[in-house]
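Residue numbers (my numbering): 165 to 287.
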Amino acid sequence: MTGCLMAGAMMLALAEGGSFTLEWTHSVEREEWRETWEITEDHRLHLTEAAVKGSGAGMEPGEGGHFEDGWWVWVPDLPPVPALNLAASGKTPSAWTLCGEACTELGASSGKPVQLVPCPDAG
C-alpha cells in the first residue's frame, strides 16, 4: 500500500507501506533525532520507531532502547494520532526533514506550525 501525507498545503508521496521518517536536530542538546511513522488503515499516524544520536535534556532513549550504528533506538508504546504539528520557529539548528518517496524540508523559517495528516481517501 502506498500512501500520501498532507504537510500544510503540500501533498507528499510516501514509500510502499505508507511509512515516512522525520529527522531533526534537538533544539537544546543539538543532537540528531529520527522517528519512523506509518499511516494506519484508519488514517491515523503511528510512531513505530524512534532514535537519538545522544542523550540529554528531553531526549533520553525510551524503554527497551538499544545502541545500533551510533543511534539509541527503541519502539515507543504510543497510540496512533490523527495529526502531527511541527513547530516552525526558524530558531532551531535544523528544519524538519520528512522522507517518504523523496525528502522535503519543513519549518526551516519562522511561521505557523506545519500540520501533517494522512491524505483523505481518494475513493
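Ideal placement from N, C-alpha and C gives every residue a C-beta, glycine not left out.
- In its chain, beyond the 5 residues on either side, Pro244 have a beta carbon closer than 8 Å to the beta carbon of Asp206.
- Minimum Cα-Cα distance from Glu213 among the listed residues Gly234, Val239, Thr204 and Thr189 corresponds to Val239.
- In this structure Thr200 touches Ser183 by the C-beta definition: roughly 6 Å separates them, less than 8 Å.
- For the pair Gly218 and Glu195, the CB atoms are nearer than the 8 Å cut-off.
- Shown here, Leu242 sits in coil according to DSSP, grouped into three states, outside any helix or strand.
- Looking from the CA of Leu280, the closest CA among Val216, Leu250, Ala272 and Arg198 belongs to Leu250.
- Taking 8 Å as the upper bound for CB-CB distance, Leu169 and Pro246 are not in contact here, some 13 Å apart.
- Shown here, Ala177 sits in a strand according to DSSP, grouped into three states.
- In this structure, the straight-line span from the alpha carbon of Glu265 to that of Asp241 is close to 26 Å.
- Just so you know, the alpha carbons of Glu232 and Val278 end up roughly 30 Å apart.
- In the DSSP assignment, Ala266 is bridged to no other residue.
- The beta-carbon separation of Trp236 and Leu186, rounded to 16 Å, does not stay under the 8 Å limit for a contact.
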